[in-house]
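Presented below is the structure to which this report refers.
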Amino acid sequence: MLRHGLKRDERGPAVCGCGRVGYAVEDVPDLGPAWDGDGVPLAALVRGDKQKPSRLVLFRRPIELRVRDRYELRAAVLTVLAEQLGDLLGVPASEIHPGYAAD
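So the sequence shown is numbered by my numbering: it starts at 8 and just counts up by one.
Structure (structure tokens):
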């Protein structure tokens, strides 16, 4: 079990105090024509409701382009996950991942 009651579940979405959380990895975000060119997101969080779980999507290529090796990749993924789950739960990222350090 991770902090804040988030449980790993091999069969489907993770379960936490805020409900179910679906997770996915996509290559790149679909920015669309409204994108203002001010940064590329590393992840997206769509809050769910009683019928649908929240959905957390990591964008593989934008994360990979910001790191030099697999150790930095691991740290970057942990940082992005901590930030997104912290936002979902309404707590600081450091409460999700004790080693969290904002860049």
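Just so it is clear, CB atoms sit at the ideal spot from N, CA and C, and this is done for glycine as well.
Short check: CB of residue i to CB of residue j, under 8 angstroms?
| i | j | result |
| --- | --- | --- |
| Tyr107 | Ala89 | yes |
| Leu80 | Glu71 | yes |
| Phe66 | Pro40 | no |
| Pro60 | Gly29 | yes |
| Ala100 | Gly93 | yes |
Apart from the five residues just before and just after residue i, which ones in its own chain have a Cβ nearer than 7 angstroms to its Cβ?
| i | result |
| --- | --- |
| Glu17 | Low confidence applies to Glu17: its pLDDT is 47, below 50, so where it sits in the model is not reliable, and the reading given next is rough at best. None. |
| Lys57 | none |
Looking only at its own chain, which residues have a Cβ that is under 6 angstroms from the Cβ of residue i, when we skip the five neighbours before and after it?
| i | result |
| --- | --- |
| Val32 | Leu65 and Arg67 |
| Gln91 | Ala50, Leu52 and Leu63 |
| His104 | Leu85 and Ala89 |
When you compare each of the options to residue i by their alpha carbons, which one comes out closest?
| i | options | result |
| --- | --- | --- |
| Pro48 | Pro105, Asp34, Gln58 and Lys57 | Asp34 |
| Arg54 | Gly97, Arg75 and Ile103 | Gly97 |
| Arg27 | Leu95, His104, Glu102 and Pro105 | Leu95 |
Where do the ends of the alpha helix (DSSP H) carrying residue i lie?
| i | result |
| --- | --- |
| Ala41 | Unbroken run through Ala41: none, as it is neither H nor E. |
| Ala100 | Ala100 to Ile103 |
| Gly93 | Arg77 to Leu96 |
Would you give the residue range spanned by the beta strand (DSSP E) that residue i belongs to?
| i | result |
| --- | --- |
| Arg68 | First-last for Arg68: Arg67 to Glu71, but that is the alpha helix (DSSP H), not the beta strand (DSSP E). |
| Ala51 | Ala50 to Val53 |
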